[in-house]
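Each remark here refers to the structure printed beneath this line.
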Amino acid sequence: MAQSVLIYGFHAVTSRLRQNAGGVEALYLDQGRHDQRSRDLLQLAESNGIKTMLVTRQRLDAMAGDKHQGVVAKVSALPALPHTLDGVLENLPESALLLVLDGVQDPHNLGACLRVADAMGAHAVIAPKDRAVGLNPTVRKVASGAAETVPFVTVTNLARTLRELQELGIWVIGTAGETDQDLFSMKLDGPVAWVLGAEGEGLRRLTRENCDELARIPMFGSVESLNVSVAAGICLFESRRQRTASRT
39 MAQSVLIYGF HAVTSRLRQN AGGVEALYLD QGRHDQRSRD LLQLAESNGI
89 KTMLVTRQRL DAMAGDKHQG VVAKVSALPA LPHTLDGVLE NLPESALLLV
139 LDGVQDPHNL GACLRVADAM GAHAVIAPKD RAVGLNPTVR KVASGAAETV
189 PFVTVTNLAR TLRELQELGI WVIGTAGETD QDLFSMKLDG PVAWVLGAEG
239 EGLRRLTREN CDELARIPMF GSVESLNVSV AAGICLFESR RQRTASRT
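Numbering (this note's numbering), first residue to last: 39 to 286.
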């Protein structure tokens, strides 16, 4: 029998209903909410024949903490095996654009990284299995549906994976604030894997050593660093911008 998990938040639940309504077993809505957003979600659930229950906020808090926004869904866990590196890279419609995360442990950061990866058309987010957060309910909520659209590939040995990407002709670029080369001066319209480090720590030594080159994001204001998801968005955007420009 398939395992069930809870997802919560309007974006995550609505996305799941639209993409895989058959996997939604039950929907729990805050009985105190009567706004248009709740009515739209209730209508979407009913149109797909989803069992919906109006419950107290206290019950939702007990199910999913206090960040559910008034909606929790019980869903069949999606199978974890479709997303392998070989499977992702096979028959891509364009040169690979990948985001590699070196030990990101904050679920909010991973969720936001998945969201920007989806927005910029990245083909996968790659992360190590150990010492890194996985696709938990918080990640899915923050990702606002991107956890279901962007392949999330976990690997046992990140350094070895970077070498495999290089052997496939994918240019591996690590981000580091102390390097001289900035991403705006780089040619990024070919196959690229951006490698970003964990919160506060940056890239690990072995990860850094297995990058083809390092690049920094130019900073024009007073702050010295960026959140990993913001940095990921900038790097992926510049790659996508150059690809688009090269076609015109």
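By construction, the Cβ of each residue, glycine as well, lies at the ideal position given by its N, Cα and C atoms. Note that the structure is a prediction, hence the values are computed from the model and not measured.
Where the beta strand (DSSP E) containing residue i begins and where it ends
i: residue 208; result: Note, residue 208: premise wrong, no beta strand (DSSP E); not H, not E.
i: residue 63; result: 62-68
i: residue 43; result: 42-46
Sub-8 Å separation of residue i and residue j beta-carbons
i: residue 163; j: residue 130; result: no
i: residue 146; j: residue 192; result: no
i: residue 194; j: residue 253; result: no
i: residue 95; j: residue 141; result: no
i: residue 54; j: residue 62; result: yes
i: residue 2; j: residue 89; result: Here the chain has residues from 39 to 286 only, and residue 2 is not among them.
i: residue 185; j: residue 152; result: yes
i: residue 277; j: residue 230; result: yes
i: residue 196; j: residue 161; result: no
i: residue 50; j: residue 242; result: no
i: residue 113; j: residue 270; result: no
i: residue 126; j: residue 143; result: no
i: residue 103; j: residue 71; result: no
i: residue 121; j: residue 48; result: no
i: residue 266; j: residue 247; result: no
i: residue 52; j: residue 92; result: no
i: residue 244; j: residue 255; result: no
i: residue 214; j: residue 183; result: no
DSSP bridge partner residues for residue i (one or two, in chain order)
i: residue 192; result: 165
i: residue 91; result: 66
i: residue 112; result: 44 and 64
Boundaries of the alpha helix (DSSP H) in which residue i is found, first to last residue
i: residue 290; result: Because the chain spans 39 through 286 in this model, residue 290 falls outside it and cannot be assessed.
i: residue 271; result: 266-284
i: residue 78; result: 74-85
i: residue 178; result: 175-181
i: residue 186; result: 184-187
Expected contact under 8 Å - CB spacing of residue i and residue j to nearest Å
i: residue 274; j: residue 158; result: 4 Å
i: residue 212; j: residue 188; result: That pair is no contact at about 21 Å.
i: residue 165; j: residue 139; result: 5 Å
i: residue 200; j: residue 249; result: 7 Å
i: residue 284; j: residue 220; result: Contact flag wrong, Cβ pair sits at about 19 Å.
Checklist entry - Of all the alpha helix (DSSP H) runs that stay within the bounds of the region 114-155, which reach a length of 4 or more residues? => result 123-127
Next on the checklist: Threshold first: 4 residues or longer. Then list the alpha helix (DSSP H) segments lying entirely within the region 195-244, N to C.
Outcome noted: 196-205
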